[in-house]
Every structure is written in structure tokens, then in C-alpha cells.
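Okay, structure first, notes after.
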DNA sequence: ACCCTCGAATGTTAAC
DNA sequence: GTTAACATTCGAGGGT
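This is how it looks when you write it as C-alpha cells:
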């Protein structure tokens with residue numbers, strides 16, 4: 007088997023290892039998150055609602071952005087956007 | 007081969023056919039939607055922005071609901087929700 | 007506001023309506039598909055496998071084969087090839 | 007407002023912060039993984055196949071085999087079994 | 001204890 | 001070719 011092929015093999019092995027290592031870390035963090043929810047539940051919080059809170063807080067900044075875009079939206083579509091002239 | 011098995015085979019075949027038929031229809035509609043976007047583009051509309059408009063209009067009713075829930079959210083989490091007492 | 011702009015507005019409105027109408031139809035069909043899977047399940051079929059069958063039937067056999075070969079190559083490089091040894 | 011409620015509020019705040027912190031970390035790792043795939047691609051590897059390799063390595067061989075068997079059963083019923091005839 | 005609904009994660013495909 | 005939207009799939013959580 008050629009040196010090139012062996013080289014490629016080693017590269018592949020390393021790539022796979024790196025990915026698997028990172029995925030383990032990701033899973034570990036996911037487990038931590040689950041744990042926090044479990045604690046919250048033990049403290050009497052409603053986890054379903056808690057998840058919703060997290061989701062909403064995540065989405066909020068996006069929505070602001072989108073609403074801003076919404077203004078440009080119709081204006082652009084109607085050829086009235088400030089930046090674009092009639093072209 | 008038993009009658010039961012043949013019966014099962016026929017059922018499977020019918021199920022697969024129905025699903026494939028429905029998926030074709032779904033694809034056809036998806037194609038129609040693409041076409042409308044293409045027309046819109048030809049008319050000078052910005053399709054990216056158009057997609058955003060559609061998305062936002064879809065989300066709006068949901069958001070209202072979610073924001074309403076947001077109020078209950080913290081209240082529930084803090085044991086202050088109207089429905090639940092202190093338990 | 008100019009006549010042109012009003013015209014553009016109407017166009018936009020119509021486009022949005024057409025897209026939303028089509029998306030509703032698409033959703034309806036998606037619901038039908040779900041229903042068929044539910045029926046299949048009630049009849050004792052494994053929906054997961056059933057989905058795989060549908061997927062397989064969609065794919066081009068040749069492409070599929072090429073992917074399989076490449077997969078085998080990678081697995082071999084990692085010493086994980088099934089059936090065959092190290093070659 | 008009661009001391010208890012204030013206490014609950016603080017707990018809630020801390021919980022939310024912890025979760026959000028962990029989710030950030032998770033996202034960071036997800037970004038790292040994407041990066042490794044990008045590198046692999048630059049080195050000439052097929053990322054699609056690579057992802058499949060990773061997936062395969064994760065799965066339990068036994069379960070995998072059972073699924074394969076059931077898949078074969080369904081495909082046979084549809085006259086699509088590979089390698090084997092109608093039996 | 002099981003099903004079922006929901007949200008997250010992945011894989012695919014189209015647009016630019 | 002790269003990025004982002006889209007559809008599908010997988011898994012966890014909650015309800016019955």
C-alpha cells in the first residue's frame with residue numbers, strides 16, 4: 007500500500023477521533039443541561055415552562071432583527087427602499 | 007406462503023402506494039410554490055425578503071400565544087399562577 | 007402614492023396569498039401522510055422501517071452504490087470494513 | 007412581596023443563567039465540529055460519507071442488524087429484495 | 001409502563 | 001462552492 011494512502015488513512019483516523027471527541031464533549035454538556043432541568047424540577051419549577059422561557063429569550067433578539075427587516079421588506083418589495091433606487 | 011402473509015403483503019403494498027402518491031402531490035405543490043416565487047422574482051420582488059414576510063406572517067399568531075404564556079410562565083415558576091395555589 | 011406603487015402592492019398581496027394558500031394545501035397533505043403512517047402502525051407495521059423503505063425507493067440505485075463503495079473505503083481505512091479483511 | 011417569592015425568583019434567575027451558559031458552550035462545540043468537517047472537506051474527504059461513518063460507529067451492531075432484517079422483510083414483500091429472489 | 005406530542009438535531013436541497 | 005432554508009428524523013418529557 008502506498009505512502010499516500012497510508013497518509014490519507016492517518017488523516018481520516020485523526021479527523022474521526024477529533025469529531026468523536028468533540029461530540030462526547032457536546033453530549034456531556036447536554037447531560038449537564040438535563041441535570042439543571044432536573045434540579046429545577048426538584049425545586050418545584052415547571053420544566054416545560056422553563057424550557058419555553060429559554061426558547062423565548064433565545065428568539066427575542068432575532069425577532070427584533072426580523073421586525074426591523076420587516077419594514078425594509080415591504081419597502082424593498084415595492085421599490086421604495088432607501089438604499090436601492092429604481093435601478 | 008400463508009394467506010396471512012399474502013394479506014400482509016397486500017396491505018404493505020397499498021400503504022406504500024398511498025404514501026408515495028401523497029408525497030407526489032406534496033412535491034407538486036412544493037413545485038407550485040417555487041414557481042410563484044420565480045414569478046415574483048421576475049416581477050422584481052426580492053424573494054429572500056418575500057420568504058421572510060411569509061415566515062413572519064406564519065409566526066405572528068403563535069407569538070401572541072407564546073407571549074401570553076410568558077406571563078404565566080414566570081408566575082407559574084414562582085408558584086404565583088392563578089390556577090395553582092401553593093400546593 | 008403613485009399608481010405604480012399601488013400596482014406593486016396589489017401584486018405583492020396576491021403573491022403572498024397564493025403562497026399561503028399553497029402552503030396550507032401542502033400542510034394538509036402532510037397531515038394525510040402522517041395519518042397513513044398511523045394506520046400502518048395500527049396494522050402492526052414498523053413505521054421506522056416503513057419510512058426507510060419509502061426513502062430507498064426514491065433513490066437512484068447507481069448513486070446509492072457509489073456511496074456504499076466510498077463508505078466501504080472509509081471503513082476499511084479505519085479497520086472497520088465488514089466481511090472483508092484488510093485486503 | 008414575600009421573602010419566599012424573592013428567593014424563588016433568585017433561584018429561577020440562576021437556573022436560567024446556568025442553562026443559557028451551558029447552551030452557549032454547546033453551540034461553541036457544535037461550531038468546532040463544523041470546522042473539523044470543513045477541514046476534512048478541504049483535505050479531499052467526502053463529508054457526507056464521513057458523517058455516515060461517524061453515525062455507524064455510534065450504533066449498536068445488534069440493533070442495526072435487527073433493523074436490517076426487518077427492512078429486508080419489507081422489501082421482499084414488495085418484490086424489491088436485493089440479491090435474493092422471491093424465496 | 002406505554003404512547004404521543006413536542007422540540008432539538010441532522011441531512012438534504014435550493015439559491016446566490 | 002458556499003451559505004442558508006427546508007424537510008425529515010431522532011430523542012426526551014409529559015400525559016394517560
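Residue numbers (my numbering), protein chains in the order written: chain G, 7 to 93; chain R, 7 to 93; chain F, 7 to 93; chain Y, 7 to 93.
Ideal Cβ placement from N, Cα and C applies to all residues, glycine included.
* To do: Report back the beta-carbon spacing between residue 60 of chain G and residue 39 of chain Y to the nearest angstrom; my notes put them in contact at under 8 Å.
  => For a cut-off of 8 Å, the C-beta gap from residue 60 of chain G to residue 39 of chain Y is around 22 Å, too long to register as a contact.
* For residue 58 of chain Y, which option in F/66, F/19, F/73 has the closest C-alpha, if you only look at C-alpha atoms? -> It is F/73 whose Cα lies nearest to the Cα of residue 58 of chain Y.
* Using a beta-carbon distance cut-off of less than 7 Å, what residues from the region 12-26 of chain F approach chain G? -> When CB distances to chain G are screened at a threshold of 7 Å, the residues of the region 12-26 of chain F falling below it are 14, 15, 18, in chain order.
* Asked: CA-CA distance, residue 23 of chain F and residue 29 of chain F?
  -> If you draw a straight line from the Cα of residue 23 of chain F to the Cα of residue 29 of chain F, it comes to about 10 Å.
* Anticipated Cβ contact below 8 Å, residue 49 of chain G with residue 17 of chain Y, distance rounded -> About 6 Å; that satisfies the 8 Å criterion.
* Check whether the Cβ atoms of residue 86 of chain G and residue 11 of chain F sit closer than 8 Å, and answer yes or no. => By the CB criterion at 8 Å, residue 86 of chain G and residue 11 of chain F fall inside the cutoff.
* Go to residue 13 of chain R, then tell me how far its alpha helix (DSSP H) extends in each direction, as first and last residue. => In the DSSP assignment, residue 13 of chain R falls within the alpha helix (DSSP H) that extends over 9-48.
* Could you run through the region 56-74 of chain G and flag, in chain order, every residue whose CB is less than 9 Å away from some CB of chain R? => Listed in sequence order: 56, 58, 59, 61, 62, 65, 69, 72, 73.
* Is residue 51 of chain R closer than 8 Å to residue 83 of chain G when the C-beta atoms are compared? -> Judged by beta-carbon spacing, residue 51 of chain R lies within the 8 Å limit of residue 83 of chain G, meaning their Cβ atoms are closer than that value.
* Asked: Does any C-beta atom of chain R lie closer than 8 Å to the C-beta of residue 83 of chain Y?
  -> Yes, contact with chain R.
* Quick one: grab the DSSP three-state call for residue 88 of chain Y. => If DSSP states are grouped into helix, strand and coil, residue 88 of chain Y belongs with coil.
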